[in-house]
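Asker: Heads up, the sequence shown is in the working numbering, so the first residue is 1 and it goes up one at a time.
Note that CB positions come from ideal geometry on N, CA and C, so glycine has one too.
In this text, all values refer to a predicted model and were calculated from it rather than measured experimentally.
First the structure, then my questions, so here it is.
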Amino acid sequence: MRAGVVTPGVKDSYRVLEMPAPEAEGKVLFRPDLIGICGTDQEIVAGLYGEAPPGEDVLILGHEVLGTVLEVPAGSRLKAGDRVVPIVRRPCDHCHPCALGQWDQCQSGDYTERGIKGRHGSLSERAAASEPFLVRIAAEVGDSGVLVEPGSVVAKAWRQATLAQRRLPWVPRRALVTGAGPIGLLAALLLTQQGLAVTVMDQVSAQSGRAEAARALGAAYAEGSAGLAKGTAFDLVIEATGFSPLVFEAAAWLAPGGAMVLTGVTGGHREVEEDTNQFNQRMVLQNQLMVGSVNAGREDYESAVAMLERAAKDHPGWSQALITRRVSLAEFPDGLLHQPDDIKVVVSVGSA
Ligand SMILES: [Zn+2]
Ligand SMILES: [Zn+2]
C-alpha cells in the first residue's frame, strides 16, 4: 500500500512509499479517506518533532483521520462501511492516569501517538486499530468527520474548564476564543452550542472566510485586540493560537473568577517584557485560573462527534466549509504551505 512517510528528525523528508499493509489480526481494518493537516504535521516534516515506531526508520504521518471500516474481527460492534475516527494517543503502561484510561493526562510522557510519536498514523491506503480506540461517526456528519480529532481537543478544553470551575459558583456567559483556525472555530461552535456569547479574535481581516465562519455561528469577530470592546471581561478564554505573549495579554481580559484554557503551543523560545506584578495581582485578587490542556480522551471524541452532529442540523454545511482545500497523498507538502484562504487542508487519500 502507498503511505506518506517521513524520517523523523530529518527536515523535508516527506515521501510516498510502498509499505506493507498493516497487521490487522484482532483489529478493525479501515480505509483512511480524509486526513487533516495541522501544525503538528508541519513540525514533524520540519524535523523538529516525531518518532518512528520502535525498530523502524520511518513514520507514517496522519493523526486527524476519517476512515471507512473494511473488515472487523468476530464479535465487533462495528461493521464494514461504518465511518470511524481513530483516537490518537495510546496509554503508557506505568502511570496512574493511563492505568485509569485517562491517557490524555499521561504523566510519564511515555505514551505513543498515531502518526506523531512511536506509532504509525493513517496517511496510507489501509490502516488498522483496535476497536476501543475507534469512534464511530453518524452518516450525517459526512466529510466533516475529519474534524472530530481537532474537535476532541476543544471538547477536552471545555471539560477541563467546567471541571476546574466547580471550585466556585460559576455561570459563564461571555467567552473569548483567541485564534480563528480550525481549533478556534470549533471552540466557537462548542461554546455557542453551550449558550455562551462568544467573541473570536484573530489577526485576519474581518472580511476573511475565518471571520465569516465565526459570524455564521452567531459569534462576534474581533480583528486583533483593538477589535475588542473596551472593558469587556470574559468568564472563559480559550487560547488557540499558541502565540505565548497573547497568554499574558488575554489574561487581562478575564472576569473575576474567570478561567483561561491554553490549547496551543509554539516551539522554540520567545522573550517578552511583562508587568508580572499586575499579572500576579489579577490572578490572586480575582481568583482566576489558567489551565493547560492537550490531546483528548475517548469521552472528548464522543463529545466532538455529538457537537458535529448537532452542527449538521443547526448550521448545515458550516463544518464542511471549514475544509477549504483537498490535496492528494503526493501533494501533502503543498498542503503544509499556508494559503490565504486556508482553514483546514485535508489529504484525500484515494485521489491520484
Ligand atoms: Zn492535528
Ligand atoms: Zn501514562
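(1) Identify the continuous alpha helix (DSSP H) that holds residue 301 and give its terminal residues.
(2) Can you tell which of 318, 123 and 98 has its C-alpha closest to the C-alpha of residue 343?
(3) Using a threshold of 8 Å, state whether the C-beta atoms of residue 242 and residue 276 are closer than that.
(4) Which residues, in chain order, sit with a beta-carbon under 7 Å away from any heavy atom of ligand 2?
(5) Skipping 5 residues on each side, what residues in its chain have a beta carbon closer than 7 Å to that of residue 173?
(6) Can you determine whether any heavy atom of ligand 1 sits closer than 7 Å to the C-beta of residue 32, and answer yes or no?
(7) Taking its Cβ as the centre, do 16 or more other Cβ atoms sit within 10 Å of residue 4, making it buried, or is it exposed?
(8) Assign residue 266 to one of three DSSP states: helix, strand, or coil.
(9) Considering only residues of the same chain and omitting the five flanking positions on each side of residue 219, which have a CB-CB separation below 7 Å?
(10) In the DSSP output, what is residue 221 paired with across the bridge?
(11) For the beta strand (DSSP E) holding residue 58, just list the boundary residues, first then last.
(12) Within the same chain, show all residues whose beta-carbon is closer than 7 Å to that of residue 7, passing over the 5 residues directly before and after it, in chain order.
(13) From the DSSP output, in three-state form, read off residue 167 for me.
(14) Which residue wins for smallest C-alpha separation from residue 203, given the options 170, 272, 217 and 246?
(15) Under a CB-based cut-off of 8 Å, is residue 315 close to chain B?
(16) Taking the alpha carbon of residue 206 as the reference point, which residue from 216, 221 and 339 has its own alpha carbon closest?
(17) When DSSP labels each residue in this structure, what does residue 239 get in the three-state scheme?
(18) Please report the straight-line C-alpha distance between residue 36 and residue 349, rounded to a whole angstrom.
(19) Given a cut-off of 8 Å on the beta-carbon distance, is the pair residue 295 and residue 88 in contact?
(20) Specify whether the region 141-151 and the region 308-325 touch according to this definition: at least 3 beta carbon pairs, one from each stretch, less than 8 Å apart.
(21) According to DSSP, is residue 276 helix, strand or coil?
(22) Would residue 18 be called buried (16 or more neighbouring beta carbons within 10 Å of its own) or exposed?
(23) Identify the continuous beta strand (DSSP E) that holds residue 176 and give its terminal residues.
(24) For residue 326, which residues of its own chain have a beta-carbon under 6 Å away from its beta-carbon, when the five flanking residues on both sides are left out?
(25) Output needed for residue 23: all residues of its chain with C-beta closer than 8 Å, excluding positions within five of it in sequence on either side, in chain order.
Answerer: Once the coordinates are examined:
(1) 298-314
(2) 318
(3) No, the Cβ-Cβ distance between residue 242 and residue 276 is not below 8 Å.
(4) 91, 92, 94, 95, 97, 98, 103, 106, 107, 108, 110 and 111
(5) Within the same chain, residue 173 has close Cβ partners 196, 197 and 235.
(6) no
(7) buried
(8) coil
(9) For residue 219, where only same-chain residues beyond five positions count, the Cβ hits under 7 Å are 188, 192, 198, 199 and 200.
(10) 200
(11) It is not in any beta strand (DSSP E) - residue 58 carries neither H nor E in the DSSP assignment.
(12) 13, 57 and 58
(13) helix
(14) 246
(15) Judged by its chain identifiers, the structure shown contains no chain B, having just a single protein chain.
(16) 221
(17) Reduced to three states, the DSSP call for residue 239 is strand.
(18) In this structure, the straight-line span from the alpha carbon of residue 36 to that of residue 349 is close to 11 Å.
(19) Cβ atoms of residue 295 and residue 88: closer than 8 Å.
(20) Cβ pair count under 8 Å is three or more, so yes.
(21) helix
(22) exposed
(23) 174-178
(24) 346 and 348.
(25) 128
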